[in-house]
Amino acid sequence: MAEAERDRGRSFEQVMLLGGDEAAEAAHELHAAVREIDWQATGRRERNRVAGAHRGA
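Each residue of the sequence shown is one higher than the one before, counting from 192 in my numbering.
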């Protein structure tokens, strides 16, 4: 899980640096969705406020 998280983090940063505004917004939404799946898979139910903030939660 830790290695997958690092790889996702690197990919997310690359999209943020190379993509335009629409790509950055899509990356935020995808990142938040993946984090929620991770939380469910690991038994944690609490949401990350930073990820939620990007989606307007």
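Positions of the beta carbon are idealized from the N, C-alpha and C atoms, including for glycine.
Assigned secondary structure, residue i (DSSP; H/G/I helix, E/B strand, else coil)
{"i": "G200", "result": "helix"}
{"i": "M192", "result": "coil"}
Boundaries of the alpha helix (DSSP H) in which residue i is found, first to last residue
{"i": "R226", "result": "212 to 232"}
CB-CB length for residue i against residue j, believed under 8 Å
{"i": "V206", "j": "A214", "result": "6 Å"}
{"i": "V225", "j": "R197", "result": "About 13 Å; that fails the 8 Å criterion."}
Closer than 7 Å: residue i CB and nearest the ligand SAM heavy atom
{"i": "R226", "result": "The ligand SAM is not part of this structure, which contains no ligands at all."}
Top-ranked residue by Cα proximity to residue i, from the options
{"i": "H219", "options": "A232, D198, E204, A193", "result": "E204"}
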